[in-house]
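Below is one structure, written out as structure tokens; the observations come after it.
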Amino acid sequence: MTITLAELARSMDAALWGEGSLRITGAAEPAEAGAARDGQARIALAMTPAYAADLAPGAAALIAEGMDPAALGLAGAVIVRRPRLAMAGLTRLLDNDGGMQQGIHPSAVIDPSALLEEGAAVGPFAVIGADVRIGAQARIGAHVSIGQGSMIGAQALIREGVRIAHGVTAGARLIVHANAVIGSDGFSFVTPEPSGVEEIRAGLGQREHISEQHWLRIHSLGSVVLGDDVEIGANVTIDRGTIRATTVGSGTKIDNQVQIGHNVRIGRDCLLCGQVGIAGSSRIGDRVVLGGKCGVSDNIFVGDDVIAGGGTNIYTNVPAGRVILGSPATRMETQVEMNKALRRLPRMAAQFAELQKTVTRLMQKD
Amino acid sequence: MTITLAELARSMDAALWGEGSLRITGAAEPAEAGAARDGQARIALAMTPAYAADLAPGAAALIAEGMDPAALGLAGAVIVRRPRLAMAGLTRLLDNDGGMQQGIHPSAVIDPSALLEEGAAVGPFAVIGADVRIGAQARIGAHVSIGQGSMIGAQALIREGVRIAHGVTAGARLIVHANAVIGSDGFSFVTPEPSGVEEIRAGLGQREHISEQHWLRIHSLGSVVLGDDVEIGANVTIDRGTIRATTVGSGTKIDNQVQIGHNVRIGRDCLLCGQVGIAGSSRIGDRVVLGGKCGVSDNIFVGDDVIAGGGTNIYTNVPAGRVILGSPATRMETQVEMNKALRRLPRMAAQFAELQKTVTRLMQKD
Amino acid sequence: MTITLAELARSMDAALWGEGSLRITGAAEPAEAGAARDGQARIALAMTPAYAADLAPGAAALIAEGMDPAALGLAGAVIVRRPRLAMAGLTRLLDNDGGMQQGIHPSAVIDPSALLEEGAAVGPFAVIGADVRIGAQARIGAHVSIGQGSMIGAQALIREGVRIAHGVTAGARLIVHANAVIGSDGFSFVTPEPSGVEEIRAGLGQREHISEQHWLRIHSLGSVVLGDDVEIGANVTIDRGTIRATTVGSGTKIDNQVQIGHNVRIGRDCLLCGQVGIAGSSRIGDRVVLGGKCGVSDNIFVGDDVIAGGGTNIYTNVPAGRVILGSPATRMETQVEMNKALRRLPRMAAQFAELQKTVTRLMQKD
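From first to last, the protein sequence lines are chains A, B and C. Going from the first sequence to the working numbering is simple: count from 1 and add 8. Going from the second sequence to the working numbering is simple: count from 1 and add 8. Going from the third sequence to the working numbering is simple: count from 1 and add 8.
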């Protein structure tokens with residue numbers, strides 16, 4: 009499965025320079041790519057002059073517009089306009105998914121009522137429940153379990169150990185990384201009499217008395233619905249809704265160890281970075297970006313195009329388009345000012361005490 | 009497995025109104041439930057007048073005391089006093105656990121010395137170790153592993169991919185969601201000479217010199233003991249103790265991606281929300297509620313009935329009954345005031361600088 | 009598999025006192041160890057006088073230098089200089105790993121091209137891919153999957169449900185706890201035109217306009233390289249690099265639920281505590297200790313010997329040797345002062361308003 013430099017350029021809609029017939033066997037950093045040899049090369053990613061300084065003479069390289077392949081002594085080059093975008097095209101062409109299982113492994117336990125469309129692959133020890141439907145060309149890894157009645161779209165890639173519970177629906181080209189859990193029960197409990205948390209929410213922090221109560225479970229009858237082109241990271245957890253579905257819109261990408269509570273609705277084309285947590289019943293707009301470790305309280309709304317820096321804790325609704333940071337979340341520029349002022353606060357407090365004394369002396373003089 | 013509206017009302021200890029013979033096939037939001045048809049209905053959850061506005065005429069609904077089923081045009085209704093509590097009863101009655109495996113799947117690897125009590129079910133590819141005991145009616149999902157000598161109580165529900173290590177003891181009605189890990193080794197290391205962390209703890213942040221040292225492992229010989237009615241979320245991790253057991257009291261519910269360190273002792277009827285982390289050897293009282301992403305340092309004590317808002321970092325002991333927020337944790341009302349003051353701090357700092365100048369001028373006049 | 013008290017003392021390079029022939033069957037807290045009986049005992053961990061107060065007469069105990077075994081009424085004792093260090097030796101000697109699988113279980117699916125060196129054990133339902141190499145005496149648990157071409161060093165211990173993707177390289181004595189994922193794809197996306205996040209980074213929080221764009225995936229062609237003596241906790245996730253490898257240096261220990269992004273490079277002998285997250289392409293020096301829940305932004309550098317308290321969010325480079333705390337991270341002593349000043353800020357703000365009035369009155373008098 010190799011591709012020539014010319015094919016690479018054409019597939020990436022980029023300009024070719026030099027030996028288009030070079031067979032590209034992989035990609036490498038400039039210092040490690042070496043020169044092309046025997047008509048083969050690893051393509052060096054040298055999209056800035058600083059990176060290009062490490063290129064070996066005779067290398068094949070991906071370079072940016074404005075760089076001179078002849079001056080760099082290259083054997084061949086693909087010349088791109090937006091380097092980061094070019095990375096998407098290049099890496100897609102060179103990715104072989106680590107040689108994942110083809111066909112249906114004989115050890116898999118597949119319910120007779122399950123429907124696997126054309127070209128679907130199932131790895132060793134996978135368990136596919138009753139009435140499950142797996143789309144064409146979908147690949148299900150080893151040790152995956154998919155519960156009763158779930159529907160997985162075409163060309164899905166479900167990695168090893170993923171748990172998809174019953175009644176989950178996913179669109180086309182779903183990617184789920186290893187050991188993620190989709191459709192676990194929501195965390196929803198109630199006490200016979202109002203609990204301390206309910207009292208605090210109603211009474212602004214005041215509690216009348218504290219009684220011993222046990223938690224009764226609110227079972228999760230809802231499901232999870234994922235759009236098209238959703239990607240879900242390793243060890244992510246997405247709970248099913250109580251009555252309706254927890255939903256993730258098309259094009260949304262979810263990083264490792266993100267937790268999404270029951271009834272949450274997430275819009276389209278969002279990015280949720282590592283270890284984000286979204287509590288039950290909150291709603292996230294379209295194109296929202298939440299940096300690593302952001303937290304979102306339950307039952308709130310985060311508007312379209314909101315961007316939150318890493319570690320932001322969102323306790324209340326956020327209007328569309330806002331850029332936020334901190335705990336509790338505030339506008340990023342406000343937070344930066346607050347942080348500066350806080351760093352100076354110990355000194356200011358000392359100066360303030362001095363000023364109080366000075367003013368007291370002035371008053372005594374008066 | 010359907011139930012009539014009358015049976016539902018009776019099971020929930022609630023009032024029935026209208027056609028008790030309607031067969032209830034599920035639950036739905038008011039806008040989606042539709043009217044009863046052919047003697048069947050999905051019951052609409054319409055426990056506030058606002059929700060009830062979306063009801064179709066002829067629907068079956070769960071409504072709150074004080075609402076008028078005739079005026080809402082219902083075919084039948086169950087009328088409840090505390091709606092959130094009613095959700096527990098209703099959803100329990102309608103939950104079928106997604107059609108989980110009955111009986112013992114032939115692919116499971118069960119040590120001959122393991123004891124499965126009456127009605128216990130074991131899913132495909134489960135691995136049950138030597139001397140394990142599984143209680144009556146317990147259900148063990150696909151791909152679960154249970155290590156040597158562990159004891160799981162009656163009516164447990166252990167979801168797919170859960171890892172229960174050796175020597176773990178759990179009471180009745182344990183629920184563990186997919187891919188959780190119970191009984192992993194504690195994170196406990198020591199250097200031959202005192203480490204930087206030990207120096208800082210002893211010397212308040214001062215370090216004499218920094219030496220290169222390797223970490224030696226303190227192995228975990230202890231176990232994990234879980235009470236009755238414990239629920240553990242997806243991808244949770246609970247480490248075993250070093251010598252004694254890490255313990256979780258009866259009735260405590262643990263949400264997804266919570267991390268509980270070695271030797272931790274958690275009381276009864278606690279709620280630990282998503283992504284909470286509790287470091288080694290800390291003790292949590294009874295009925296403690298920790299919101300999402302709360303962190304608890306090692307070797308501290310959180311008293312009974314403490315409630316912590318989401319994202320609270322607890323570095324020191326917390327007295328019983330306190331409601332806390334922030335990082336470091338402070339009383340919730342104090343934290344709210346601190347947050348307000350901090351937001352105004354940049355402006356106050358500017359005003360303070362002005363005031364300093366003014367006072368300087370006043371002094372010069374003097 | 010028992011050991012005598014004398015053998016224990018010798019193995020731990022510690023002093024023996026009393027009956028060296030006692031057979032030690034395990035370890036226990038002083039109150040639970042009881043007296044030796046029939047030549048057998050559980051060794052009590054009584055390394056401070058306070059703990060020793062709970063010892064039964066006739067017990068076998070681990071005590072610290074300076075304590076008197078005769079006065080404590082012991083049958084036998086091992087006397088150690090640095091008790092915490094002694095715990096490493098003692099627990100290692102008494103750990104039997106919960107009776108893990110020996111040999112190769114017949115249900116495992118092992119590619120014919122995989123090489124298992126002498127004494128390697130493989131548990132039930134494990135899946136070992138093409139060209140995998142497993143070192144001598146390594147133990148692979150049930151339900152583990154190891155992808156094509158990965159190399160695991162000698163004496164590794166890979167617990168149940170661990171996912172090691174293709175092309176991962178690990179040194180000797182690797183320990184990985186249950187359900188961890190090593191080598192998942194990085195979280196790396198690009199939009200056709202610059203995205204909101206790129207605009208903010210370039211323009212300090214200002215966004216010109218917001219356009220609808222879809223995320224294109226940058227595939228991960230790189231790998232993961234782990235040194236010797238690395239330990240990785242339960243449900244950890246470590247992403248593979250984009251082109252080069254994500255690396256973890258020898259002797260580094262990683263606690264449960266830690267997330268390590270693509271291209272991250274971690275030095276030697278670090279401790280990363282529970283729920284730490286490190287974003288893509290950041291570099292962590294040697295002997296760095298990150299407390300629970302610390303976050304590290306992408307593309308930054310944390311110097312050698314840095315120690316960060318729990319919950320620290322690191323947004324910018326940190327010089328070597330610094331001890332930090334807070335969000336954003338500041339020197340620990342500065343953070344402690346800031347926290348104190350912030351607690352007093354609401355009162356100071358009220359006093360400041362008073363002082364403003366006072367000065368205004370003084371000026372009016374003038």
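Don't be surprised by glycine CBs; every beta carbon is placed ideally from N, CA and C. Everything numeric in this text was worked out from a predicted model, so none of it was measured.
Cβ contact annotation for B:Val-266 (same chain, cutoff 6 Å, sequence separation greater than five): Val-244, Leu-280 and Val-284, in chain order. In the structure shown, the three-state DSSP call for C:Glu-126 is coil. Contact annotation for C:Val-304 against chain B: no contact, minimum CB-CB distance about 16 Å [criterion: below 8 Å].
Among the residues facing chain B, C:Asp-263 is included, as its CB has a counterpart in that chain under 8 Å away. If you draw a 10 Å sphere on the C-beta of C:Asp-247, you find 16 or more other C-beta atoms in it, and that means buried. Burial check for A:Thr-320: the Cβ neighbour count within 10 Å reaches 16 or more, so the residue is buried. Within the same chain, and ignoring the five residues on either side of C:Val-256 in sequence, the residues whose Cβ sits closer than 6 Å to its Cβ are Leu-234, Val-238 and Ile-274. Using a CB distance cut-off of 8 Å, C:Arg-351 counts as an interface residue toward chain B.
At least 8 Å separates the CB of B:Asp-119 from every CB of chain A. Close to C:Ile-315, with beta-carbon spacing below 7 Å, are these residues of chain B in chain order: Gly-204, Val-205 and Ile-208. Of all C-beta pairs linking the segment 341–353 of chain A to the segment 336–352 of chain C, three or more are shorter than 8 Å, placing the two stretches in contact. A Cβ-Cβ separation of about 4 Å places B:Gly-299 in contact with B:Gly-318 under the 8 Å criterion. Legend: CB atoms of the segment 79–108 of chain A lying less than 7 Å from CB atoms of chain C belong to residues Arg-92, Leu-93, Met-95, Ala-96, Thr-99, Arg-100, Leu-102, Asp-103, Gly-106 and Gly-107. Assignment of alpha helix (DSSP H) within the segment 57–117 of chain A, counting only whole runs of 4 or more residues, yields 57–60 and 91–102 in chain order. Around the beta carbon of B:Gly-111, fewer than 16 other beta carbons sit within 10 angstroms, so the residue counts as exposed. Classified as buried, B:Lys-261 has 16 or more neighbouring CB atoms from the shown chains inside 10 Å of its CB. The Cβ-Cβ distance between C:Ala-64 and C:Leu-30 does not fall below 8 Å.
In this chain, the beta strand (DSSP E) harbouring A:Ala-36 covers 31–36. Contact annotation for A:Trp-223 against chain B: Gly-259, Lys-261, Asp-277 and Leu-279 [CB-CB distance below 8 Å, chain order]. The count of Cβ pairs closer than 8 Å, one atom from the segment 323–332 of chain B and one from the segment 297–314 of chain B, reaches three, so the stretches are in contact. Inclusion of C:Ala-164 and C:Arg-181 in the CB contact set at 8 Å is warranted, their separation being smaller than that value.
Here C:Asp-21 is exposed: its Cβ has fewer than 16 other Cβ atoms, across all protein chains shown, within 10 Å. Residue pairing of A:Leu-279 in beta bridges, as defined by DSSP: A:Lys-261 and A:Val-297.
Between A:Arg-171 and C:Ile-160, the alpha-carbon positions lie close to 26 Å from each other.
Within 10 angstroms of the beta-carbon of C:Gly-47 lie fewer than 16 other beta-carbons, which makes it exposed. Pairing B:Met-371 with A:Leu-370, the inter-Cα distance amounts to about 7 Å. Chain B has no Cβ within less than 8 Å of the Cβ of C:Leu-16. Scanning the segment 286–357 of chain A for uninterrupted beta strand (DSSP E) segments of 3 residues or longer gives 331–333, listed from N- to C-terminal end.
Its chain contains Asp-62 as the residues whose beta carbon lies nearer than 7 Å to that of B:Ala-39, once the 5 sequence neighbours on both sides are disregarded; these appear in chain order.
Looking at the backbone, the Cα of B:Ala-186 and that of B:Trp-25 are separated by about 40 Å. At least 8 Å separates the CB of B:His-217 from every CB of chain C. Inter-segment contact for the segment 116–123 of chain B and the segment 119–130 of chain A is absent: fewer than three beta-carbon pairs are separated by less than 8 Å. According to the DSSP assignment, A:Leu-229 belongs to no alpha helix (DSSP H), since it is labelled neither H nor E. Residues of chain B with a Cβ closer than 8 Å to the Cβ of A:Gly-169 are, in chain order, His-151, Gly-169 and Asn-187.
A Cβ-Cβ distance of about 19 Å is found for the pair C:His-227 and A:Asp-277, leaving them out of contact under the 8 Å criterion.
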